[in-house]
Ligand code: COI
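Residue numbers (our numbering): 20 to 375.
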């Protein structure tokens, strides 16, 4: 291992690489990690010296608060390699901002941009060979923070670990997605942590999603907890509906994540001259639109899956299948977005940031 210091980030290089063992054409999402990770600990009220080091297990006290009270947050981001082998991030400052908003909600310390973004930059430079070219290939980036302070008293930890992992990715899930509209379970509630990227928001989805899977549905469309009438998110993604030629999605709120893919797709749709409406969409409205043929598309939008087309939905034990469309908004928006991300199209929004 060789050790150097760059911009106050300590760099410890792995002595060998695993890259030749990886089949980049057959990657399962989030299963393979690169040779290095980024780590920075919070102790004595301040962030310590950050380090890029070989990927390895971590040793933790079993009473660490993350294990008992779930003080844990994360982000999902991606990096892309262009045809000149330059690496690009997509709106990384948005992820940093949202990470800190999640930290505040979970009573965790905010992390300076100089640690989050510079750390990511150094990590990507070191594992640059792992970022593969071509539309469909990307590097999924998982920044996260956990409470490492020991002791089971139920109050916020005084010690934390921030880490960034890199996982080379192809598409997230390519199969057909059928969804069930939630009538009982909720992903989030007013006053709760739905708008934060808190680990527990995702863990709490597993049980209702397993029930949906047993009934032949891959995902759940989450509704508002008070009335279960408003359509809010789909699985781990924001959700869009096309009724006639209008693209609809719910406004962000305490219950809904401020998705970066969501707001990028809205901006692209507006630029393309599509009619968009950010408002609550009711389950009854969706059923009506499915019945009279005006419901053209439903799709989820998130970093991991980008755009995930939904083929049909179930509500109150009735299944509604969507018609095939020749002029799919989902395809158009996905093509425009991934074109910008992969540097195949001009980035008129100034969303891409080069890793240097
Ligand atoms: C995303 O797509 O933004 C996610 O957070 C997905 C992740 C839970 C795998």
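Backbone N, C-alpha and C fix where the C-beta goes; we use that ideal spot for every residue, glycine too.
For residue 84, the enclosing alpha helix (DSSP H) has its first and last residue at 84-88. DSSP links residue 198 through a beta bridge to 238 and 332. Residue 41 and residue 51 have their alpha carbons spaced roughly 8 Å apart. Rounded to whole angstroms, residue 79 and residue 175 show a C-alpha spacing of 17 Å.
In terms of Cα proximity to residue 160, the closest of 128, 76 and 143 is 143. A distance below 7 Å between beta-carbons, with the five flanking residues on each side excluded, links residue 287 to the following residues of its chain, in chain order: 352, 355 and 356. In the DSSP assignment, no residue is bridged to residue 291. DSSP places residue 339 inside the beta strand (DSSP E), whose first and last residues are 337-340. Here residue 348 is buried. Its C-beta has 16 or more other C-beta atoms within 10 Å. The alpha-carbon of residue 77 is positioned some 11 Å away from that of residue 58. The DSSP-derived three-state label of residue 55 is strand.
With fewer than 16 other beta carbons inside 10 angstroms of its own, residue 344 counts as exposed. Where residue 126 is concerned, there is no enclosing beta strand (DSSP E), because DSSP gives it neither an H nor an E. If you draw a 10 Å sphere on the C-beta of residue 249, you find 16 or more other C-beta atoms in it, and that means buried. Residue 369 and residue 115 have their C-alpha atoms some 17 Å from each other. Between residue 242 and residue 214, the C-beta spacing is not below 7 Å. If you check the CB distance, residue 313 and residue 262 come in under 7 Å.
Around the beta carbon of residue 203, a 10 Å sphere encloses fewer than 16 other beta carbons of the protein chains shown; the residue is thus reported as exposed.
If the five residues before and after residue 170 are omitted, its C-beta is found closer than 8 Å to the C-beta atoms of 82 and 84, all from its own chain and listed in chain order.
For residue 373, the uninterrupted beta strand (DSSP E) segment begins and ends at 371-373. With contacts defined as CB atoms closer than 7 Å, residue 106 and residue 72 fail to qualify as a contacting pair. Approximately 17 Å separates the beta-carbon atoms of residue 120 and residue 165; this is outside 8 Å, ruling out the contact. In this structure, 275 is the residue among 275, 64 and 74 with its C-alpha nearest to the C-alpha of residue 208. The region 256-270 and the region 299-319 touch, with three or more beta-carbon pairs separated by less than 8 Å.
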